[in-house]
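If you read the sequence shown in the working numbering, its first letter stands for residue 404, the second for the next number, and so on.
Note that CB positions come from ideal geometry on N, CA and C, so glycine has one too.
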Amino acid sequence: MELALGQFTSRGPAAGFVFAKGWQGVGFAMIINSILGTLYYNVIIAWALFYFILSFGKTLLWSACGHWWNTDKCFVPGAQENSLGGNNTELNCTMALIGNLSYDGCQEVNTTGKVAATEEFFYRLLLNKSASFDEFGVPGTYMSVLLLGSWIIICLCIFRGVQSSGKVAYFTAIFPYIVLLVLIIFTATLEGAGKGIRFYIVPRWELIGDFQIWQAAASQVFFSLSISFGSLIAYSAANDFHNKFFQQMCIVVLCDCFTGVFAGFAVFATVGFLATSLGEDVETYARSSGPSLAFITYPQALAKMPASPFFSVIFFLMLLALGLGSQFASTDVPITALMEFFPSYAKRRTFLVIITCTLFYLFSLPFACPVSIVYDQ
């Protein structure tokens, strides 16, 4: 319906409902939805940019403790440490206790409430996470600069509209498939990858009636296809009036489904490798979702891979490509609406893009505050 509306009227989401004034509010709601999504989503792109930059090194900073942002609770899972069977004590050496006696050099340490190095890197260094809503805080230097950088990239890519963003789209659309293929081929050779893939493809029919499963699936469809964000209407407005969009729509939907399934093999093969290397059950890490999967669990697995910096670089570059590709469309929606309602700005698109991206940067700063991740969780 959105593709048909945009192609038929050659207008964006707000002006496209001009033939039915009573429905024009739907178009404005799409624009607001797109703006709100753009503001917080660009913060996630800033996170990916941070990891991408720090991946250029001999070692990954989140792979070990001992940095200034780490606490005494920091530990590296699977790094030459033996549990005593409980969750309270552990040996800080590789030798075991026999009865109540320990070998010289071994020391029992309290590990209750221990935090993985990848978690402290994400929450303490990057986000400076608040303990509660009472500590709203202000955006840190890292996040402010990274967020500014991500908005500058978006501004440079869309300032000429489809002419500029369309060229960048060749990279943002094709490169992720190359990375996924490389990750699938490589992770398939790692120990435990088969366990992760089996967990992925073997259905668990007892969960078919779980409402949260269906809710998550519906959310994925809406976000991956950009339904109700207005971008489908805005972009289809540039189509020829007689364009056969139904065939294109079917291709896009099928490609979206294929991409989701294809990416799942890369994710779960890696999760299986991580779980096996740590002696854990696959389900323990497979339940990770949202920020914890992309910025805690997956980096932890990358740190244990051979040539970890290389795979970290291409993985987070892929996240950047995927995120920026979505942001181009979402940011273009309000710009298109302004140009339609104020035709005098149509010839000053570059100026309008700069102003819009500047305002969006300022409005997105609250999402970069320490308390924002508390809300997200």
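- Contact check between the segment 731 to 745 and the segment 414 to 424: three or more CB pairs, one atom from each, fall below 8 Å, which counts as touching.
- The alpha-carbon of K647 is positioned some 37 Å away from that of P606.
- Considering only F625, S553, W471, the residue with the shortest C-alpha distance to S437 is F625.
- Listed in chain order, the non-local C-beta contacts of S568 below 6 Å within the same chain comprise C560, I561, F731, local neighbours out to five positions each way being set aside.
- DSSP places C660 within a helical segment (H, G or I) once states are collapsed to three.
- When secondary structure is reduced to three states using DSSP, F665 falls in the helix class.
- Per the C-alpha coordinates, the member of F411, G728, A451 positioned closest to L529 is A451.
- Closest option to V756, judged by alpha-carbon separation, among I448, I555, T412: I555.
- Around G481, the same chain offers S680, L681, G682, K707 as residues with beta carbons nearer than 8 Å, after the five sequence neighbours per side are excluded.
- Annotated as distal: T592 and A672, with beta-carbon spacing of 7 Å or more.
- Apart from the 5 residues on each side of it in sequence, G728 sits with its Cβ closer than 7 Å to the Cβ of A572, T575, A576 in its chain, given in chain order.
- Across the structure, K424 and S466 are spaced so that their CA atoms are roughly 57 Å apart.
- With at least 16 other beta carbons inside 10 angstroms of its own, M433 counts as buried.
- In the three-state DSSP reduction, V541 falls in the coil class, being neither helix nor strand.
- Within a 10 Å sphere around the beta-carbon of G428 sit fewer than 16 other beta-carbons, which makes this residue exposed.
- Counting only residues of its own chain and dropping the five nearest sequence neighbours on each side, K461 has a CB closer than 8 Å to the CB of P712.
- Relative to the Cα of L628, the nearest Cα in the group F661, I616, Q703, E609 belongs to F661.
- Of the candidates E743, P702, Y764, E743 places its Cα closest to the Cα of S413.
- A straight-line Cα-Cα distance of about 35 Å links Q615 and N473.
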